[in-house]
Amino acid sequence: EPEVTQTPSHQVTQMGQEVILRCVPISNHLYFYWYRQILGQKVEFLVSFYNNEISEKSEIFDDQFSVERPDGSNFTLKIRSTKLEDSAMYFCASSDRGLTDTQYFGPGTRLTVL
Amino acid sequence: RKEVEQDPGPFNVPEGATVAFNCTYSNSASQSFFWYRQDCRKEPKLLMSVYSSGNEDGRFTAQLNRASQYISLLIRDSKLSDSATYLCAVNNGYGGSQGNLIFGKGTKLSVKP
Numbered sequence: 001e002p003e004v005t006q007t008p009s010h011q012v013t014q015m016g017q018e019v020i021l022r023c024v025p026i027s028n029h030l031y032f033y034w035y036r037q038i039l040g041q042k043v044e045f046l047v048s049f050y051n052n053e054i055s056e057k058s059e060i061f062d063d064q065f066s067v068e069r070p071d072g073s074n075f076t077l078k079i080r081s082t083k084l085e086d087s088a089m090y091f092c093a094s095s096d097r098g099l100t101d102t103q104y105f106g107p108g109t110r111l112t113v114l
Numbered sequence: 115r116k117e118v119e120q121d122p123g124p125f126n127v128p129e130g131a132t133v134a135f136n137c138t139y140s141n142s143a144s145q146s147f148f149w150y151r152q153d154c155r156k157e158p159k160l161l162m163s164v165y166s167s168g169n170e171d172g173r174f175t176a177q178l179n180r181a182s183q184y185i186s187l188l189i190r191d192s193k194l195s196d197s198a199t200y201l202c203a204v205n206n207g208y209g210g211s212q213g214n215l216i217f218g219k220g221t222k223l224s225v226k227p
């Protein structure tokens, strides 16, 4: 069964450093998403991406964040200058048809900012 | 503000019990509804999509009431392996939206032998 993959599974970084989280969505999917979940809190939407551009972003997704699809398979989330409060699980998701279609989640990257 | 509300639980039930989860959502324009299951420190895994007519998958039954903006999940004959947090998710539903999901905080279920 096809699945979304994410690397690394755990990233530890110093405050102020840049991190890039990587995702490989399901191969025939067209819509890509990043969510985050701070420990003990709910899953929160960050950004959606379709046709090589951002479709929507939440208020969390400020100028420190960017996304890219550098090739036909990878989808990345970059945090330019990490803050302590960026520590969370970051989940990538993909879907086939966007608005009404099911989103499948990757296993997540646990980001720890020290 | 678009919200999805769930009873946080925890629900502690014996094996074999029937347990019901409820969820309310505030955005009447939402078009898609889902139940996900999340194990500790893992990703949300799709359990069921929820349709207006209601749908059933084995021991799991989901219902949607659009008028009341209410979604439910029923688990019959609960197993130890059903222990997890159950997340209600609703798409934001506005025109042009690519369907980002709004999640509830989840209801934790613990099934005991």
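Line order of the protein sequences matches chains A and B. Note that the first sequence ends on residue 114 in my numbering; no numbers are left out. Note that the second sequence ends on residue 227 in my numbering; no numbers are left out. Cβ atoms here follow ideal geometry from the backbone N, Cα and C, with glycine treated the same way.
Item                                                                                                                           : Value
Chain B residues whose Cβ lies nearer than 9 Å to that of A:P107                                                               : K156, E157
Spatially closest choice to B:F147 from B:I189, B:N206, B:T221, B:S195, by CA coordinates                                      : B:N206
Members of the segment 45 to 56 of chain A near chain B, C-beta cut-off 7 Å                                                    : F45, S48, Y50, S55, E56
Closer than 9 Å to chain B by CB, A:F75                                                                                        : no
Candidates B:F135, B:W149, B:L194, B:R155, of which the one nearest A:Q37 by Cα                                                : B:R155
Reduced DSSP secondary structure (H/G/I, E/B, other) of B:S195                                                                 : helix
In chain order, each alpha helix (DSSP H) run of at least 4 residues that lies wholly inside the segment 163 to 187 of chain B : none
B:K226 at chain A interface by Cβ criterion, 9 Å                                                                               : no
is_contact[A:S94, chain B] using C-beta, thresh 9 Å                                                                            : no
Contact with chain B by A:M15, beta-carbon distance below 9 Å                                                                  : no
Proximal chain A residues relative to B:S163, where beta-carbon distance stays under 8 Å                                       : T102
Uninterrupted beta strand (DSSP E) stretches inside the segment 17 to 49 of chain A (no shorter than 3 residues)               : 19 to 24, 31 to 37
Between the CA atoms of A:A93 and A:T5 - distance to the nearest angstrom                                                      : 9 Å
Same chain, Cβ closer than 7 Å to A:Q64, five either side skipped, listed in chain order                                       : I79, R80, S81
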